[in-house]
Amino acid sequence: MSIGSVQFNPPFTAKSSSVCKTGKNNSGWALLNFPKPHNMSRTLCLGNEKVGLSQISNGVGDKDGIIIVDHGSRRKESNLMLNEFVAMFRDKTGYNIVEPAHMELAEPSIKDSFGKCVQRGASRVIVSPFFLFPGRHWHQDIPSLTAEAAKEHPGIPYIITAPLGLHELLVNVVDDRIKHCLSHVAGDADECAVCAGTGKCRLY
1 MSIGSVQFNP
11 PFTAKSSSVC
21 KTGKNNSGWA
31 LLNFPKPHNM
41 SRTLCLGNEK
51 VGLSQISNGV
61 GDKDGIIIVD
71 HGSRRKESNL
81 MLNEFVAMFR
91 DKTGYNIVEP
101 AHMELAEPSI
111 KDSFGKCVQR
121 GASRVIVSPF
131 FLFPGRHWHQ
141 DIPSLTAEAA
151 KEHPGIPYII
161 TAPLGLHELL
171 VNVVDDRIKH
181 CLSHVAGDAD
191 ECAVCAGTGK
201 CRLY
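Numbering (full-length UniProt numbering), first residue to last: 1 to 204.
(1) Can you give me the Cβ contacts of G65 inside the same chain, cut-off strictly under 6 Å, excluding the 5 residues immediately before and after it?
(2) Taking H158 as the reference, give the member of V173, I142, R136 and L82 with the closest Cα.
(3) Once you ignore the five residues that flank G72 on each side, which residues in its own chain have a CB closer than 7 Å to its CB?
(4) In terms of alpha-carbon separation, which member of D175, L182, L169 and T161 lies closest to G59?
(5) Rounded to whole angstroms, what's the CA-CA distance from E191 to L82? Just pull it up for me.
(6) Please report the straight-line C-alpha distance between F130 and R177, rounded to a whole angstrom.
(7) For the stretch 74-141, which segments carrying the alpha helix (DSSP H) assignment without a break, of at least 4 residues, lie completely within its bounds, in sequence order?
(8) Along the chain, where does the beta strand (DSSP E) containing I178 start, and where does it finish?
(9) Within 10 angstroms of the Cβ of E168, are there 16 or more other Cβ atoms? Answer buried if so, exposed if not.
(10) Just the Cα atoms here: how many angstroms apart are C201 and E99?
(11) Which residues does DSSP list as the beta-bridge partners of I66?
(12) Pull the bridge partners of Y158 from the DSSP assignment, please.
(13) Please state if the CB of V86 and the CB of I67 are separated by a distance shorter than 7 Å.
(14) When burial is assigned at 16 or more other CB atoms within 10 Å of the CB, is P108 buried or exposed?
(15) Taking the alpha-carbon positions, what's the E77 to A193 distance?
(16) Find out if the Cβ-Cβ distance for the pair I110, L164 is shorter than 7 Å.
(17) Would you mind working out which of K63, G135 and C195 sits nearest G94, comparing C-alpha positions?
(18) In angstroms with no decimal places, state the Cα-to-Cα distance between R75 and P154.
(19) Rounded to whole angstroms, what's the CA-CA distance from Q119 to D70? Just pull it up for me.
(20) Just the C-alpha distance for A150 and I156, rounded to the nearest angstrom, thanks.
(21) Taking the alpha carbon of A147 as the point to measure from, which residue in R136, D175, N172 and V127 has its own alpha carbon closest?
(22) So, with DSSP's three-state summary, where would you put T198?
Written out as structure tokens, the structure reads:
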């Protein structure tokens, strides 16, 4: 189903009251509420409430900046892995402006990457949380940090997309991880890039 030129999967129904300010936490972003699969809350944050739905184009354009944000870690190797994923994502999609960001504990921050996207010519910023489910970080922390970053770039709208969630392709990813680790334990495969050098991919 589509609203204006924005398409969502799965579809949801929105009324005029579905887009609203956020009360005392109002920071220039609004929430769209849609059906809750398996009792999970699903919301989409649209940055810059002055931008109507019809103004948001369907698909990623050359002037869109994408920020893929994870939690961030004190472990350097974990943070570097996000850089590798962003490089894979950029090569696979061909998107022009893609930047990594860490919500906390490491740099670049959401603020840093937002600014870099604008510096590289982005006229809209898309923040994609590299998180599995919509917990507090997606509901509160990432919207708050992004709104703060956007204050330094008036006129640049942003959107915070859904986390990975219950996506069918994740079934394939989990199944692949399980099979590969079992193959390694059986001596039929090398360690994957995640486990390499840790010695953790073994039977206990």
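We treat Cβ as the ideally placed atom computed from N, Cα and C, and that holds for glycine.
Walking through what the data contain:
(1) What you label residue 65 is simply residue 65 of the sequence shown in a count that begins at 1. Cβ neighbours of G65 beyond the five flanking positions: I97, C117, A122 and V125.
(2) Numbered from 1 along the sequence shown, position 158 holds the residue referred to as residue 158. Sequence inspection shows Tyr at residue 158; the His mentioned does not correspond to that position. Nearest option by C-alpha distance: I142.
(3) Residue numbering aside, residue 72 sits at position 72 when the sequence shown is read from its first letter. Answer for G72: N79, H102, M103, E104, L105 and A106, listed in chain order.
(4) Residue numbering aside, residue 59 sits at position 59 when the sequence shown is read from its first letter. Of the listed residues, the one whose Cα sits closest to G59 is T161.
(5) The residue given as residue 191 occupies position 191 in the sequence shown. The residue given as residue 82 occupies position 82 in the sequence shown. Approximately 19 Å, taken between the alpha carbons.
(6) For the purposes of this step, residue 130 is taken as residue 130 along the sequence shown, with counting starting at 1. For the purposes of this step, residue 177 is taken as residue 177 along the sequence shown, with counting starting at 1. Each residue's alpha carbon lies about 18 Å from the other.
(7) Fully enclosed alpha helix (DSSP H) runs of 4 or longer: 76-93 and 110-119.
(8) For this step, residue 178 is matched to residue 178 along the sequence shown. Counting along the chain, I178 falls outside any beta strand (DSSP E), though it belongs to the alpha helix (DSSP H) covering E168 to V185.
(9) For this step, residue 168 is matched to residue 168 along the sequence shown. Exposed.
(10) By one-based count along the sequence shown, residue 201 stands at place 201. By one-based count along the sequence shown, residue 99 stands at place 99. Answer to the nearest angstrom: the Cα atoms are 31 Å apart.
(11) Counting from 1 along the sequence shown, the entry for residue 66 is found at position 66. Note: I66 sits in a beta bridge opposite V98 and I126.
(12) One-based indexing of the sequence shown puts residue 158 at position 158. DSSP links Y158 through a beta bridge to V125.
(13) To locate residue 67, count along the sequence shown from 1; it is residue 67. To locate residue 86, count along the sequence shown from 1; it is residue 86. Not a contact, by the Cβ cut-off of 7 Å.
(14) As a working note, residue 108 is residue 108 in the sequence shown. With 16 or more other Cβ atoms within 10 Å, it is buried.
(15) Taking the first residue of the sequence shown as 1, we reach residue 77 at position 77. Taking the first residue of the sequence shown as 1, we reach residue 193 at position 193. One C-alpha to the other measures close to 11 Å.
(16) On the sequence shown, position 110 is the one that residue 110 refers to. On the sequence shown, position 164 is the one that residue 164 refers to. Taking a C-beta distance under 7 Å as the contact criterion, I110 and L164 do not qualify as a contact pair.
(17) Start at 1 with the first residue of the sequence shown, and residue 94 comes out as number 94. Checking every option, the nearest Cα to that of G94 belongs to K63.
(18) As a first step, residue 75 must be located in the sequence shown, where it is residue number 75. As a first step, residue 154 must be located in the sequence shown, where it is residue number 154. Answer to the nearest angstrom: the Cα atoms are 34 Å apart.
(19) Residue 119 sits at position 119 when you count from the first residue of the sequence shown. Residue 70 sits at position 70 when you count from the first residue of the sequence shown. When rounded, the distance between both Cα atoms is 22 Å.
(20) In the sequence shown, residue 150 corresponds to position 150, counting from 1. In the sequence shown, residue 156 corresponds to position 156, counting from 1. Going from the Cα of A150 to the Cα of I156 covers about 7 Å.
(21) Translated into positions along the sequence shown, residue 147 becomes position 147. Among R136, D175, N172 and V127, the Cα nearest to that of A147 is on V127.
(22) Indexing the sequence shown from 1 puts residue 198 at position 198. Here T198 sits in coil by DSSP.
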